[in-house]
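Have a look at the structure below before the remarks.
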Amino acid sequence: MSSIFAFLTKKYMPNNPTTRKRVTTQTLMQMKQASKQIACLTAYDSLTAGILDKAGIDVILVGDSVGNVVQGHDTTVPVTLEHMIYHTQAVGRNVERSMVVTDMPFMSYQASPREAFRNAGRLMKEAGSGAVKLEGGKRVAEAVHLMTENGIPVMGHLGLTPQSIHQFGSYRERGSTEAEADEIYKDAQILQQAGAFAIVLEKIPLLLAKRITEGLAIPTIGIGAGNHCDGQILVWTDMVGMSTEFRPRFVRRYAELNDVITNAVQAYISDVRDKSFPTDAESYE
Ligand code: KIV
Numbered sequence: 000m001s002s003i004f005a006f007l008t009k010k011y012m013p014n015n016p017t018t019r020k021r022v023t024t025q026t027l028m029q030m031k032q033a034s035k036q037i038a039c040l041t042a043y044d045s046l047t048a049g050i051l052d053k054a055g056i057d058v059i060l061v062g063d064s065v066g067n068v069v070q071g072h073d074t075t076v077p078v079t080l081e082h083m084i085y086h087t088q089a090v091g092r093n094v095e096r097s098m099v100v101t102d103m104p105f106m107s108y109q110a111s112p113r114e115a116f117r118n119a120g121r122l123m124k125e126a127g128s129g130a131v132k133l134e135g136g137k138r139v140a141e142a143v144h145l146m147t148e149n150g151i152p153v154m155g156h157l158g159l160t161p162q163s164i165h166q167f168g169s170y171r172e173r174g175s176t177e178a179e180a181d182e183i184y185k186d187a188q189i190l191q192q193a194g195a196f197a198i199v200l201e202k203i204p205l206l207l208a209k210r211i212t213e214g215l216a217i218p219t220i221g222i223g224a225g226n227h228c229d230g231q232i233l234v235w236t237d238m239v240g241m242s243t244e245f246r247p248r249f250v251r252r253y254a255e256l257n258d259v260i261t262n263a264v265q266a267y268i269s270d271v272r273d274k275s276f277p278t279d280a281e282s283y284e
């Protein structure tokens with residue numbers, strides 16, 4: 000391929016099979032250096048993951064938000080390592096290009112760095128994950144260091160950390176006081192030093208996210224953290240409008256699938272009731 004042809008193919012046909020090289024930690028670093036925004040979404044199943052991957056999403060996070068979205072819990076606290084392995088395996092079966100990152104669930108990494116390391120290893124070996132994500136800064140730095148020294152890529156997560164909901168008591172914005180902002184800034188530096196390849200910044204003021212992003216060599220991925228981050232992430236069911244109740248201001252809804260599905264189901268019920276479904280063409284002789 001001549002270089003101009005390769006350039007045009009990449010620019011205008013990002014899903015061309017010849018350009019669908021797996022996204023790696025290096026790709027994300029290069030994107031930050033080239034000021035190219037990183038687009039990330041969550042997924043929990045194979046079908047959805049395949050759609051996101053083919054659409055060109057850079058990172059698919061198998062988030063512990065599976066606890067809210069799929070399992071119907073109020074928090075992410077009940078999610079187990081076995082759940083994360085199961086969902087990551089499903090996602091991984093249908094993904095070619097996107098980087099697959101798996102959340103380490105509550106109490107799979109807090110007890111000790113060695114236990115964290117072992118559990119992260121299971122997510123890589125058994126689930127086939129490309130990287131793990133965990134919440135916290137200073138308190139998880141030793142675990143992050145142990146993992147990254149031994150070939151496990153780690154994404155950090157600062158700001159609002161939903162696994163600590165019972166300690167904080169609410170999902171309010173973090174980093175709005177000077178002390179909290181300084182702590183989050185320091186934690187970001189500590190995670191980078193410990194070897195993290197990227198950091199999710201959740202629900203913090205946009206100027207704090209800007210300061211953190213400018214102070215780091217590694218990319219920041221924002222959710223409710225403004226547009227100065229190096230990339231963005233949303234829970235995929237939120238951005239396609241599957242839920243009716245959860246509507247925080249940081250979620251932009253790109254579709255109203257709740258309405259689409261409700262209309263489809265009601266049309267189906269009506270067709271079943273009046274026997275217009277199935278027709279002979281939809282039956283076997
Ligand atoms: O679990 C999750 O979905 C997350 C994102 C909100 C970043 O951690």
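Just so you know, numbering that gives the first Met the number 0 puts 190 at position 191 of the sequence shown, and the rest follows in order with no gaps.
Note that beta-carbon positions come from the ideal geometry of N, C-alpha and C, so glycine has one too.
Being a predicted model, the structure only gives us computed values, none of them experimental.
Beta-carbon contacts of residue i that lie in its chain and below 6 Å, excluding the five residues immediately before and after
i	result
V61	H86, T87, V90, T101
S107	L80, N118
L133	M103, Y108, V139
I222	E201, I232
K31	P218, D229
V264	none
S111	none
S45	A89, R92, N93
T74	I164
CB of residue i within 8 Å of CB of residue j, strictly
i	j	result
Y184	R210	yes
L205	H227	yes
G136	L159	no
A130	V153	yes
R252	M238	yes
A142	F105	no
M98	D57	yes
A224	A208	yes
G174	I203	yes
A33	M83	no
Three-way DSSP call (helix, strand, coil) for residue i in this model
i	result
Q231	strand
E182	helix
I222	strand
L7	In this prediction, L7 has a pLDDT of 49, which is less than 50 and means its spatial position is unreliable; what the coordinates show is noted afterwards. Helix.
L133	coil
L40	strand
G214	helix
D102	strand
M0	Caution applies to M0, whose pLDDT of 42 falls short of 50 and renders its modelled position unreliable; the value that the coordinates give is listed next. In this structure, M0 counts as coil in the three-state DSSP scheme.
A280	helix
I198	strand
V58	strand
H156	strand
D63	coil
N93	coil
S269	helix
M238	helix
G127	coil
P112	helix
D52	helix
Same chain only: Cβ atoms within 8 Å of residue i, ignoring 5 sequence neighbours per side
i	result
Y11	Low confidence applies to Y11: its pLDDT is 45, below 50, so where it sits in the model is not reliable, and the reading given next is rough at best. Nothing listed; no residue qualifies.
Y267	F276
I189	G136, K137, A140
Neighbourhood of residue i by C-beta, 7 Å cutoff - its chain only, sequence neighbours within 5 removed
i	result
P16	In this prediction, P16 has a pLDDT of 48, which is less than 50 and means its spatial position is unreliable; what the coordinates show is noted afterwards. Counting only Cβ-Cβ distances below 7 Å, and skipping sequence neighbours, we find nothing.
D186	G136, K137, L157
A48	A42, I59, V90, N93, V94
V22	D57, V58, R96, S97, M98
beta-carbon residue i near ligand 1 non-hydrogen atom, thresh 7 Å
i	result
E201	yes
T285	Coverage of the chain is limited to positions 0 through 284, which leaves residue 285 absent and any answer about it impossible.
H156	yes
L290	Nothing in the structure corresponds to residue 290, since the chain is present only between 0 and 284.
I222	yes
S282	no
T41	yes
Next item on the list: Evaluate the contact criterion for the region 182–199 versus the region 131–148: three or more CB pairs, one atom per stretch, below 8 Å.
Entry: Segments in contact, yes.
Notebook entry, point to check: With a cut-off of 8 Å, do at least 3 Cβ pairs link the region 61–80 to the region 17–32?
Noted result: The region 61–80 vs the region 17–32: no contact.
Check: Is the region 228–235 touching the region 34–43, taking contact as three or more C-beta pairs under 8 Å?
Finding: Three or more beta-carbon pairs separated by less than 8 Å link the region 228–235 to the region 34–43, which places the two stretches in contact.
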